[in-house]
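Protein chains: 2
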Amino acid sequence: MAPRQNPRRIIGRLLDIFRCEGYDGATLTTISNGIGLGRASFYHHFPGGKSDMARAAFDRASRDFTRAVLAPLAGTAPPAERLQGMVSGLDTFYDGGRGACLIDVFSMGGARDLFHEEISEAVAYWMEAIARVLVDVGFQPEEARRRAEDAIIAIQGSLIIARATSQTETFRRVLSQIVINLMSDAPAKAA
Amino acid sequence: MAPRQNPRRIIGRLLDIFRCEGYDGATLTTISNGIGLGRASFYHHFPGGKSDMARAAFDRASRDFTRAVLAPLAGTAPPAERLQGMVSGLDTFYDGGRGACLIDVFSMGGARDLFHEEISEAVAYWMEAIARVLVDVGFQPEEARRRAEDAIIAIQGSLIIARATSQTETFRRVLSQIVINLMSDAPAKAA
DNA sequence: GTCTATAAGCAGATAGAC
DNA sequence: GTCTATCTGCTTATAGAC
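Residue numbers (our numbering), protein chains in the order written: chain G, 18 to 208; chain Z, 18 to 208.
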């Protein structure tokens, strides 16, 4: 039984499992069964053990998030299109509301001390990226940050409700309103 | 060393620990140290072990939530006062943004199967309680539910951001806007 | 109602064969 | 690169003294 796993697939599955079970809830046995690889084999890929696995999952999520969500915001397209690009990326990144966010999952229990600083920075970075688009639309920096924060809050909150109620309508409704809410009452001098 | 603990205090501390560490992250040793009671002593108070402890913490949270948040909504005061009563209760219940919500914490890992149904019902019940107030203000039921859902999303999302960034300004800002957002553009026939 | 002592099992982690 | 076997420590849980 040694069908030589694709490292890329392993990390993807690790991310799925940590998102669903949390850091403390994901045991090596859970992970082993979920991936179809013996417990010991993980120490070849991740010499540092479980924390290394979580690190790899976190880095994968960061890269995916940058590509799907942050990159569209930084483009040169018109502001509304950039925001809509973020929304499409969010739908993909959170699997239509079925996937949890590591900002939530890795900020409690044993993962908190491992990722707290990076999570805090990720939130700040995401918020600034949205705010910059709104400044381009003509909003004052302070108002832009406030609206960006509201958007992030709505995403995170709707993911909690999606998980709590086992449905995705809420997440999809929030996504569909994000751009409208961010741009409402935009200053006349909008680009 | 047997200063006979107050059961009420034990459950309160259990709730604090589960909120912070999560179900899987809270070990009996963590709990024992956090409360100052030997591991074995818990089996006198909670014969079913850890799941019984989580159950007691969940029930305590449910009761606290009903008293602090739901009760004001059901009163006979004017709608705006009832909503403001909920906001005050939320500030207390979530300790000004420092305390996590079990809707979040107990919906992943080993606690998910234990509490999923009750958590789902709690969200629905809370939403209906807010929506009823908005219907009293003159909103159509559908619009009332949508606004209620947005309010809950904002609370949950701001708690995530509060925990992720170790600050409470966001939570307090969201709280301060809840009533305004819920009541904005209320129909003329408002009571 | 709390404690000490201990059981039984599972956690994360390692050694070494293939 | 994966496996089997094993180790150590920690986890939940129990028995029984005080």
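C-beta: ideal position from N, C-alpha, C; glycine also. Here the structure is a predicted model, which means the values were calculated and not measured.
- Within chain G, no C-beta atom comes nearer than 8 angstroms to that of I48 of chain Z; the closest sits roughly 13 angstroms away.
- Among the CB atoms of chain Z, one or more fall inside 7 angstroms of the CB of D41 of chain G.
- The three-state secondary structure of N50 of chain Z, taken from DSSP, is helix.
- A buried status is given to S124 of chain G, since no fewer than 16 other beta-carbon atoms sit within 10 Å of its beta-carbon.
- Secondary structure note for T83 of chain Z: it is in no alpha helix (DSSP H), with a DSSP letter that is neither H nor E.
- Comparing C-alpha distances from Q194 of chain Z to each of Z:E135, Z:E134, Z:A148, Z:Q101 shows the shortest one belongs to Z:Q101.
- Of the candidates Z:A78, Z:V140, Z:L176, the residue whose Cα lies closest to the Cα of A117 of chain Z is Z:L176.
- Distance from the Cα of M200 of chain G is smallest, within the candidate group G:G155, G:R190, G:A171, for G:G155.
- The Cβ atoms of V104 of chain G and L45 of chain G do not sit closer than 7 angstroms to each other.
- Chain-order list of chain G residues neighbouring V191 of chain Z: I170, by C-beta distance under 7 angstroms.
- Pairing V140 of chain G with T182 of chain Z gives a Cβ-Cβ distance under 7 angstroms.
- Contact between A74 of chain Z and I28 of chain Z holds, since their C-beta atoms are separated by about 6 angstroms, short of 8 angstroms.
- Under the 7 angstroms criterion on CB atoms, M200 of chain G is classed as non-interfacial with respect to chain Z.
- In terms of CA proximity to R189 of chain G, Z:I170 leads the group Z:I170, Z:R56, Z:G106, Z:R77.
- Listed by position along chain G, the residues whose Cβ is nearer than 8 angstroms to that of Q101 of chain Z form an empty set, because the closest Cβ is around 21 angstroms away.
- Selection G:F110, G:D69, G:V152, G:A71 evaluated against A88 of chain G yields G:F110 as nearest (Cα-Cα).
- Within chain G, M125, G126 have C-beta atoms less than 7 angstroms from the C-beta of E38 of chain Z, given in sequence order.
- With a cut-off of 8 angstroms on Cβ pairs, the region 60-76 of chain Z is not in contact with the region 57-75 of chain G, counting fewer than three such pairs.
- Close partners of G174 of chain G in chain Z (Cβ separation under 8 angstroms): I169, I170, A171, I172, Q173, G174, S175, I177.
- Within the same chain, and ignoring the five residues on either side of I34 of chain Z in sequence, the residues whose Cβ sits closer than 7 angstroms to its Cβ are A43, T47, I48, G51.
- Identification of chain G residues near T187 of chain Z by a Cβ-Cβ cut-off of 9 angstroms yields E166, I170, ordered along the chain.
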